[in-house]
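Enquirer: Below is one structure. I have some questions about it.
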Amino acid sequence: MAENNPPLIVHVIHRLAVGGLENGLVNLINRTPEGRYRHAILALEGVDPDFRARIERPVEVHDLAKRPGQDLGLYLRMWRALRRLRPAIVHTRNLATLEMQLPARLAGVAHRVHGEHGRDVHDLDNTRRRYRWLRRAFRPLVDAYIPLSRELADYLRVDIGVAPERIHTIRNGVDEQRFRPARPDEEARGVLPAGFAGPDDLVIGTVGRLELVKDQATLVRAFIALVREDPARGARLRLVLIGDGSQRTRLGALVDAAGLGAQVWFAGSRDDVPACLRALDLFVLPSLGEGISNTILEAMASGLAVVATEVGGNGELVVAGETGALVPRDDTQALAAALRGYLADSALARTQGAAARSRIEAEFGLGTMVARYLEVYDGLLAGPGE
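All residue numbers for the sequence shown refer to the numbering used here, where the first residue is 140 and numbers rise by one.
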């Protein structure tokens with residue numbers, strides 16, 4: 140690789156905005172050693188300028204302005220962009236961008252990678268025939284697959300028929316310096332609204348887009364159930380929902396109907412998520428589907444026990460009984476029961492949170508993730524191209 144003109148990787152994503160997939164991409168770009176690779180991003184449908192500002196390297200970012208529905212012109216715009224950029228590698232991510240493997244092939248891109256990061260909200264069990272057909276149809280165009288969990292790797296191998304040697308499972312990493320436990324002399328709860336939580340309150344929180352697939356509604360219902368079943372203990376409970384999205388009004392209505400507005404903070408989208416995590420006592424991820432969750436990794440790195448639904452790669456991160464708990468998805472009673480244990484035993488969250496931090500330091504450092512991506516890219520460039 141020429142030191143003064145390293146190979147270019149074009150990353151194709153649906154939209155450059157707040158999200159776990161997008162955070163992982165930004166981390167990969169920012170942590171790639173200088174002179175190793177250049178990067179560019181082609182977003183099919185929008186670029187958030189505030190999120191784009193998180194990229195610390197000189198990177199071309201283009202919005203291809205996909206129109207609603209079937210936009211056949213998108214294929215031409217992608218082809219033209221790739222002909223101009225002439226990348227060594229194109230890396231698409233998730234089903235929304237898989238079809239862009241075709242214009243990449245037609246544009247003469249020699250090496251093509253596809254990442255599977257998690258479940259589609261319309262196909263949580265990967266059973267929809269149309270989606271399966273699409274993945275099989277585009278399989279010959281993809282040189283290497285990067286699933287983020289063992290479960291997704293098994294799906295590609297068994298259901299899509301991808302050869303094992305083309306599958307490279309890479310779990311997300313987390314910046315363990317940015318996401319860290321609160322220091323003893325740190326006023327961690329200073330980020331919360333004034334008077335929201337006292338020193339003896341149990342602050343439960345989650346981070347994520349307020350969308351159906353993230354299922355914060357089940358968490359809200361479990362929280363309401365706990366407060367109602369034991370009002371004395373319930374008075375010590377607080378719930379923090381970090382993120383925004385289409386379900387904000389619905390979630391607010393659930394809280395208001397229960398009369399618990401004073402115990403729930405809708406924090407909205409935040410630029411200070413690390414500080415917000417340090418203000419929590421317990422983290423919950425109630426998603427209906429996941430790949431390898433960045434927010435779970437960030438919570439664990441922040442020294443928090445994690446209660447998560449047993450979907451996707453969550454069980455590869457959370458060790459039940461050691462770093463947190465796993466519950467069935469869409470099960471209010473099971474989630475309430477798991478949370479009840481932390482309310483009854485104030486030391487449990489601290490003990491499991493310390494174990495979660497140790498697990499991050501041993502297995503999920505950001506440097507390990509970046510090194511594994513670079514190994515895949517290096518391996519492709521070392522082999523025969525088209």
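Built from N, CA and C at the ideal position, the CB exists for glycine as well.
1) If we call anything under 9 Å between Cβ atoms a contact, is Ile435 one with Gly257?
2) Going by the C-beta, is Pro145 closer than 8 Å to any heavy atom of the ligand SAM?
3) Assign Leu211 to one of two classes, buried (16 or more other C-beta atoms within 10 Å of its C-beta) or exposed (fewer than that).
4) On the premise that Leu295 lies in contact with Tyr284, defined as a C-beta separation below 8 Å, what is that separation, rounded to the nearest angstrom?
5) Give the DSSP-derived three-state secondary structure of Leu427 in the structure shown.
6) Are at least three pairs of beta-carbons, each pair with one atom in the stretch 435 to 447 and one in the stretch 230 to 250, less than 8 Å apart?
7) Could you say if the stretch 165 to 183 and the stretch 199 to 216 meet the contact criterion of at least three C-beta pairs nearer than 8 Å?
8) Contact between the stretch 375 to 388 and the stretch 401 to 410: three or more CB pairs below 8 Å?
9) Could you please give the first and the last residue of the uninterrupted beta strand (DSSP E) stretch that includes Ala283?
10) Does the beta-carbon of Asn166 have 16 or more other beta-carbons within 10 angstroms, so that it is buried, or is it exposed?
11) According to DSSP, is Pro145 part of a helix, a strand, or is it coil?
12) Using 8 Å as the Cβ pair cut-off and three pairs as the minimum, do the stretch 467 to 487 and the stretch 353 to 361 touch?
13) Quick one: what does DSSP say Ala521 is sitting in, helix, strand or coil?
14) In chain order, what residues of the same chain have a beta carbon less than 6 Å from the beta carbon of Val330, not counting five sequence neighbours either side?
15) By Cβ distance below 6 Å, which residues in the same chain neighbour Met217 in space, the five residues on each side in sequence not counted?
16) How should Val297 be labelled, buried or exposed, when 16 other C-beta atoms within 10 angstroms of its C-beta is the threshold for buried?
17) At 4 residues or longer, what runs of the alpha helix (DSSP H) sit wholly inside the stretch 277 to 325?
18) Could you tell me whether the Cβ atoms of Thr462 and Ala501 are closer together than 9 Å?
19) Helix, strand or coil for Gly382 per DSSP?
Expert: Working from what's here:
1) no
2) Ligands displayed in this structure: none; no statement on the ligand SAM is therefore possible.
3) exposed
4) 6 Å
5) In this structure, Leu427 counts as coil in the three-state DSSP scheme.
6) no
7) They touch, by the three-pair rule.
8) yes
9) 283 to 286
10) buried
11) coil
12) They touch, by the three-pair rule.
13) helix
14) Ala414, Cys415, Ala418
15) Met239, Pro242
16) Under this definition Val297 is an exposed residue.
17) 289 to 297
18) no
19) strand
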